[in-house]
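Same order as they appear, the protein sequences are chains P and L. Take the first sequence: its position 90, counted from the start at 1, is 959 in this note's numbering, and no numbers get skipped. Take the second sequence: its position 17, counted from the start at 1, is 886 in this note's numbering, and no numbers get skipped. Each residue gets a CB set at the ideal place from its N, CA and C atoms; glycine is no exception. Computed from a prediction, not measured in an experiment: that's the story for all the values here.
Number of protein chains: 2
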Amino acid sequence: MSPFEALAEPNRRRLLDLLRAGERPAGELVAAMDLSQPGVSKHLKALREAGLVSVRADGQQRIYRLEARRLADLDAWLKPYRHFWADHLDALEGHLERDQ
Amino acid sequence: MSPFEALAEPNRRRLLDLLRAGERPAGELVAAMDLSQPGVSKHLKALREAGLVSVRADGQQRIYRLEARRLADLDAWLKPYRHFWADHLDALEGHLERDQ
DNA sequence: CAGTTATATTTCTTAATAAGAATATATCGG
DNA sequence: CCGATATATTCTTATTAAGAAATATAACTG
Numbered sequence: 870m871s872p873f874e875a876l877a878e879p880n881r882r883r884l885l886d887l888l889r890a891g892e893r894p895a896g897e898l899v900a901a902m903d904l905s906q907p908g909v910s911k912h913l914k915a916l917r918e919a920g921l922v923s924v925r926a927d928g929q930q931r932i933y934r935l936e937a938r939r940l941a942d943l944d945a946w947l948k949p950y951r952h953f954w955a956d957h958l959d960a961l962e963g964h965l966e967r968d969q
Numbered sequence: 870m871s872p873f874e875a876l877a878e879p880n881r882r883r884l885l886d887l888l889r890a891g892e893r894p895a896g897e898l899v900a901a902m903d904l905s906q907p908g909v910s911k912h913l914k915a916l917r918e919a920g921l922v923s924v925r926a927d928g929q930q931r932i933y934r935l936e937a938r939r940l941a942d943l944d945a946w947l948k949p950y951r952h953f954w955a956d957h958l959d960a961l962e963g964h965l966e967r968d969q
């Protein structure tokens with residue numbers, strides 16, 4: 870599954886948002902989501918296959934971690950579009966868009 | 870259809886890429902894509918519903934135009950993740966790994 | 001080993017989506 | 001109005017994805 874497809878699902882975006890605060894065992898993610906345990910597990914699998922998260926075992930727990938490198942690909946796709954609204958903002962509030 | 874869902878389909882991303890060069894009639898988009906006319910028309914509809922393109926009539930042609938504002942939403946979603954690969958900006962924001 | 005906890009996989013059902021073919025709508029030139 | 005062009009909308013069918021429930025696997029505990 871491509872990163873774009875993976876991000877199409879709101880629950881998966883939410884899982885990534887949760888992982889932004891740091892790595893977490895699957896159980897905590899299940900508790901934080903309004904989804905069944907198998908449901909979360911399946912979405913985590915999709916995120917793994919998209920390369921957006923990685924997992925390591927710690928005893929019987931599976932610790933999930935955000936893999937933001939793949940989001941950089943998305944960011945790169947977005948880059949040539951950015952000037953379309955950056956130009957508009959430039960006129961209003963100055964030159965924000967200097968990073969790459 | 871949300872922008873995220875709209876972008877999940879590669880042909881639709883390609884249509885947006887084509888529109889980056891400027892507005893174009895549907896027919897030119899059909900010619901540039903390796904898809905049937907109805908196929909392109911349907912993807913354009915999805916992009917319209919996601920707010921990613923707009924259309925205006927010019928005679929019997931429909932001129933499509935990129936609406937990059939909606940991509941700004943995606944850019945905004947991505948923003949809190951950007952720190953993860955933009956290591957050189959760490960000094961600005963501090964490190965996020967502490968609170969795990 | 002048996003029981004328990006943590007997580008993953010399978011199965012089922014249902015809903016969404018895609019492509020292709022055929023057809024419909026709208027606009028133009030005569 | 002007619003024929004031609006440009007584009008959109010069905011319709012059908014196949015694939016895919018989602019949630020729920022049940023079950024499986026793997027590791028820890030005693």
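DSSP state of residue i mapped onto helix, strand, coil
{"i": "LEU876 (chain P)", "result": "helix"}
{"i": "ASP927 (chain P)", "result": "strand"}
{"i": "ARG889 (chain L)", "result": "coil"}
{"i": "LEU904 (chain L)", "result": "coil"}
{"i": "LEU921 (chain P)", "result": "coil"}
{"i": "GLY963 (chain L)", "result": "With a pLDDT of 47 at GLY963 (chain L), under the threshold of 50, the modelled position of this residue cannot be trusted; read the value that follows with caution. If DSSP states are grouped into helix, strand and coil, GLY963 (chain L) belongs with coil."}
{"i": "GLN969 (chain P)", "result": "The predicted model places GLN969 (chain P) with a pLDDT of 40, which falls under 50 and marks its position as unreliable; any figure quoted below should be read in that light. In the structure shown, GLN969 (chain P) sits in coil (DSSP, three-state: anything other than H, G, I, E or B)."}
Cβ separation of residue i and residue j, assumed to be a contact under 8 Å, to the nearest whole Å
{"i": "GLU936 (chain P)", "j": "LEU921 (chain P)", "result": "6 Å"}
{"i": "ARG938 (chain L)", "j": "TRP954 (chain P)", "result": "6 Å"}
Neighbour-count burial assignment, residue i, 16 or more Cβ in a 10 Å radius
{"i": "ALA875 (chain L)", "result": "buried"}
{"i": "ASP944 (chain P)", "result": "buried"}
{"i": "ALA877 (chain P)", "result": "buried"}
{"i": "ARG881 (chain P)", "result": "buried"}
{"i": "ALA941 (chain L)", "result": "buried"}
{"i": "ARG925 (chain P)", "result": "exposed"}
{"i": "ARG889 (chain P)", "result": "exposed"}
{"i": "ARG893 (chain L)", "result": "buried"}
Amino acids of chain L, ordered along the chain, whose beta-carbon sits closer than 9 Å to that of residue i
{"i": "ASP944 (chain P)", "result": "ASP944, LEU947, TYR950, ARG951 and TRP954"}
{"i": "LEU940 (chain P)", "result": "LEU947, TYR950, ARG951, PHE953 and TRP954"}
Contacts of residue i in chain L (Cβ-Cβ under 7 Å)
{"i": "ARG925 (chain P)", "result": "Those do not exist, as ARG925 (chain P) stays about 14 Å from chain L at its closest Cβ, beyond 7 Å."}
{"i": "GLU874 (chain P)", "result": "ALA877"}
When the options are compared against residue i, the one with the closest alpha-carbon
{"i": "PRO872 (chain L)", "options": "P:SER871, P:MET870 and P:PRO879", "result": "P:PRO879"}
{"i": "VAL909 (chain L)", "options": "L:VAL899, L:GLU892, L:ARG931 and L:ARG893", "result": "L:VAL899"}
{"i": "GLY896 (chain L)", "options": "L:ARG917, L:ARG931 and L:PRO949", "result": "L:ARG931"}
{"i": "GLY891 (chain L)", "options": "L:SER905, L:PRO949, L:ARG934 and L:ASP903", "result": "L:ARG934"}
{"i": "ASP903 (chain P)", "options": "P:LEU884, P:ARG917 and P:LYS948", "result": "P:LEU884"}
{"i": "ALA901 (chain P)", "options": "P:TRP946, P:LEU887 and P:ALA919", "result": "P:LEU887"}
{"i": "MET870 (chain P)", "options": "P:ALA915, P:LYS911, P:PRO907 and P:SER905", "result": "P:ALA915"}
Partner residues on chain P for residue i, Cβ-Cβ distance less than 9 Å
{"i": "LEU935 (chain L)", "result": "TYR950 and PHE953"}
{"i": "ARG889 (chain L)", "result": "PRO949, TYR950 and PHE953"}
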